[in-house]
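Colleague:
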Amino acid sequence: MGKNVFLTGEAGSGKTFVLNEYINYLKSHAVTVAVTASTGIAATHLGGQTIHSWSGLGVRDSLDDRDIDDMMQKAYLYKRFDQTKVLILDEVSMLHHFRLDMLGWLCRQFKHNEKPFGGMQVILCGDFFQLPPVTRGEIYESQFAFKATSWQDAGFSVCYLTEQHRQKDSQYLSILNEIRQNKVSAKTRKLLDEHLQNKSDSETDRTKLFTHNIDVDIINNKYLALISGAEKQYPMQSRGARNLIENLKKSCLSPETLRLKVGAKIMFTKNDKEGHFVNGTLGVVQSFGNFGEPTVRTLAGKNITATPMTWQIEEDGKVKAEVTQLPLRLAWAITVHKSQGMSLDAMEVDLSKSFAHGMGYVALSRVRSLAGMKLLGFNEMSLSVDPEVLMMDKKFQELSEDALYDLKKMSTSEIAEIQKEFLKKVEPDEKKKIRLKQPLQASSGRMTKKAVKKSTEEITAEFLREQTSLSEIADKRKLNQETIVSHIEKLLEKDDSPDITYLKRELKRSEFDDIISAFAEAKSKTLSPVFNLLHKKKKNHSYFKIRLARLFLDD
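For the sequence shown, the working numbering assigns the number 1293 to the initial residue and increments by one for each residue that follows.
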């Protein structure tokens, strides 16, 4: 219906499934959707990329004037923001509040729209009971994303999923719910104590989860080496932009070189569309086929022949990068962080060194039942959740009930009409998709030579000589006005611009005077200091108007 939405719910409630359904819906209508996540692992589950990569923010903790000006000049970033109609951001619980504000500010500037996130529909997804933002000495105090100003401004409707799709064990669900509600009873503590084991075992049907970032590869390689027999190696295949490929390799749960032996304990790393396995299904390699393909026997007793699968980064409906590998990894050990989003059949976990709220909940909620969980230890932190998150979660549940109540008051036809209007707004204009080929000109029965192609700036210059307005030029050229201004900037740099004095009429006299005075006061020709100065003075002129006025600074 076009509303901004925060999609949340407990672990295993189907958040990623719902996101994928909506992404497919948008793509079926050719709507340009940005699919992103706060972490690379979460992004690969959706076929997207990290929000840091998509937005151009990278690892920055702040944006200075030079950063902002440089980003605004990058054509690929401008095109990306300009064309995107819907922005999806998964695992928002792991995004710092100030980075969400940085993202919101960038969206407004690139879209030249002062509405929250530049007027795009924004879908945030996550569960704040799970892992919090990782703090590595940021210059700002780290807070949850719901504390961001941009979160408050966006007016998110809350969709709280309540049906459980991972755990069917009512006793185990009760334990997880008690941890989630910060009400761990004496009965639950006793139950956990009864499941405590003094030492790790060597069972091949349990994955070991660790709270700290120990070298899991060493553990897996150690167990693999204990198995006699020939080892087979499977190198990952890739194609596309090199930097995106590197991001995919880091995020993909399958390794760049997969090493297997008959008897190796493995875990599937992707969901099968036909439901034969999911991300987290455990098994043991039984044999290798004629072409080296491994057959895996799962804990449920199924024999599955693993074939290569692909992880992709898509943008504008095009595959920008992809890696292909068997959807497997060695599974004697994995970190709690990498387990997020998985559904495990059996695990062994030591929570005695838990050091952050939510760590115990994430680890324990990975496994399907109490019988599949072996506990080596736990501490008080592992059974606790952040009090602020607990309070906000109650509010999210109330807001979700409010949204549901409002929806129930509407008729099916009213909802359908709103959906239709939203699609009309975000679906691409069919005229923009059609690019007619220009025919050659006929002369005296012969075809003339093909004219020398003019540069895009030269075409704009022809309109400027005719003193055509910016909106007309943009409309006739099927471009936006920001792009036309960038053409003028290049023409002025080359001292090849026609007289553009008439364009001053595009601004009110008061706007023009305000902006020119601000450039003089800021003693800078970059845009962001002037923008900030004007906004401090409550003169909220858009980035576009400031850029337009800058054309006349040397007059």
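Idealized CB from N, CA, C, for every residue including glycine.
Using a threshold of 7 Å, state whether the C-beta atoms of Tyr1452 and Thr1300 are closer than that.
Modeller: yes
Colleague: Can you give the Cα-Cα distance for Lys1831 and Met1412, rounded to whole angstroms?
Modeller: 24 Å
Colleague: Which residues bound the beta strand (DSSP E) around Thr1818?
Modeller: Unbroken run through Thr1818: none, as it is neither H nor E.
Colleague: In or out: Leu1540 buried (at least 16 other Cβ within 10 Å) or exposed?
Modeller: buried
Colleague: Once the 5 residues before and after Val1325 are set aside, which same chain residues still bring their CB inside 8 Å of it?
Modeller: Hits under 8 Å: Ile1315, Leu1318, Lys1319, Thr1376, Lys1377, Val1378, Leu1379 and Ile1380.
Colleague: Given this structure, state the Cα-to-Cα distance separating Lys1439 from Lys1687, to the nearest angstrom.
Modeller: 14 Å
Colleague: Compute the beta-carbon to beta-carbon distance between Tyr1526 and Leu1618, rounded to the nearest angstrom, for a pair I have assumed lies under 8 Å.
Modeller: 5 Å between Cβ atoms; contact.
Colleague: If we ignore side chains and look at the alpha-carbon of each, how far apart do Thr1627 and Lys1295 end up?
Modeller: 36 Å
Colleague: What did DSSP end up calling Ala1527 once you bin it into helix, strand or coil?
Modeller: The sequence as given places Pro at residue 1527; Ala does not occur at that position. Three-state result, Pro1527: strand.
Colleague: Return the residue from the list Glu1383, Phe1823, Lys1829 and Gly1593 that minimises the CA-CA distance to His1404.
Modeller: Check the Cα spacing between His1404 and each of Glu1383, Phe1823, Lys1829 and Gly1593: the tightest is with Phe1823.
Colleague: Would you say Leu1845 and Pro1790 are within 7 Å of each other, going by their C-beta atoms?
Modeller: At a Cβ-Cβ threshold of 7 Å, Leu1845 and Pro1790 do not count as neighbours.
Colleague: Answer with buried or exposed for His1457, where buried requires no fewer than 16 other C-beta atoms within 10 angstroms of its C-beta.
Modeller: exposed
Colleague: State the Cα-Cα distance for the pair Glu1406 and Tyr1653, rounded to the nearest angstrom.
Modeller: 39 Å
Colleague: Work out the CA separation of Val1588 and Leu1728 for me, nearest whole Å.
Modeller: Only weak support exists for where Leu1728 lies, its pLDDT of 32 falling under 50; the value from the coordinates is given anyway. Cα to Cα, the separation comes out at about 53 Å.
Colleague: Determine contact between the segment 1513-1525 and the segment 1594-1605, defined as no fewer than three beta-carbon pairs at a distance below 8 Å.
Modeller: no
Colleague: Let's test the definition: count the other Cβ atoms within 10 Å of the Cβ of Asp1805 and tell me whether it reaches 16, buried, or not, exposed.
Modeller: exposed
Colleague: Let's test the definition: count the other Cβ atoms within 10 Å of the Cβ of Ile1726 and tell me whether it reaches 16, buried, or not, exposed.
Modeller: Summary for Ile1726: the model assigns pLDDT 38, below 50, so the residue's position carries little reliability; its value from the coordinates is reported in the next sentence. With fewer than 16 Cβ atoms within 10 Å of its Cβ, Ile1726 is classed as exposed.
Colleague: What first and last residue would you give for the beta strand (DSSP E) that runs through Gly1584?
Modeller: Per DSSP, Gly1584 belongs to no beta strand (DSSP E) and is neither H nor E.
Colleague: Could you tell me which of Leu1395, Gly1581, Lys1479 and Phe1420 sits nearest to Asp1353, measuring between CA atoms?
Modeller: Leu1395
Colleague: Suppose contacts are defined by Cβ-Cβ distances below 7 Å. Is Ile1333 in contact with Ser1543 by that definition?
Modeller: Yes. Within cutoff.
Colleague: Could you spell out where the beta strand (DSSP E) holding Thr1597 opens and where it closes?
Modeller: Asn1595 to Thr1597
Colleague: Does the segment 1664-1682 touch the segment 1629-1648, meaning 3 or more C-beta pairs lie closer than 8 Å?
Modeller: A contact between stretches requires three or more CB pairs, one per stretch, nearer than 8 Å, and the segment 1629-1648 meets this requirement with the segment 1664-1682.
Colleague: Ends of the beta strand (DSSP E) at Cys1417?
Modeller: Gln1413 to Cys1417
Colleague: Per DSSP, which residues does Arg1551 bridge with? Please list them.
Modeller: Gln1525
Colleague: What is the rounded straight-line gap between the Cα of Ala1841 and the Cα of Met1363?
Modeller: When rounded, the distance between both Cα atoms is 19 Å.
Colleague: With the cut-off set at 7 Å, would you say Gly1575 and Thr1590 are in Cβ contact?
Modeller: Using a Cβ distance threshold of 7 Å, Gly1575 and Thr1590 count as a contacting pair.
Colleague: I'd like the list of long-range same chain contacts for Glu1455, defined as Cβ closer than 8 Å, with 5 residues on each side in sequence excluded.
Modeller: Counting only Cβ-Cβ distances below 8 Å, and skipping sequence neighbours, we find Ser1305 and Gly1306.
Colleague: Give the single residue among Phe1502, Ser1546, Arg1391 and Val1677 whose Cα lies nearest to the Cα of Thr1441.
Modeller: Arg1391
Colleague: So what does DSSP say about Asp1382, is it helix, strand or coil?
Modeller: strand
Colleague: Taking the C-alpha atoms as reference points, what is the distance between Ser1736 and Tyr1794?
Modeller: The predicted position of Ser1736 is uncertain, since its pLDDT is 37 and thus under 50; a value taken from the coordinates is nonetheless stated next. Ser1736 and Tyr1794: Cα-Cα distance of roughly 42 Å.
Colleague: Exposed or buried, what is Lys1500 when buried is set at 16 or more other beta-carbons lying within 10 Å of its beta-carbon?
Modeller: buried
Colleague: Could you tell me which residues DSSP puts in a beta bridge with Tyr1452?
Modeller: Thr1300
Colleague: For Lys1837, is the classification buried or exposed, using 16 other Cβ atoms within 10 angstroms of its Cβ as the cut-off for buried?
Modeller: buried
Colleague: Among Phe1421, Glu1781, Phe1448 and Leu1636, which residue has its Cα nearest to the Cα of Asn1469?
Modeller: Phe1421
Colleague: Taking Lys1610 as the reference, give the member of Glu1313, Val1310 and Val1323 with the closest Cα.
Modeller: Val1323
Colleague: By Cβ distance below 7 Å, which residues in the same chain neighbour Pro1425 in space, the five residues on each side in sequence not counted?
Modeller: Met1386, Leu1387, His1388 and Ser1434
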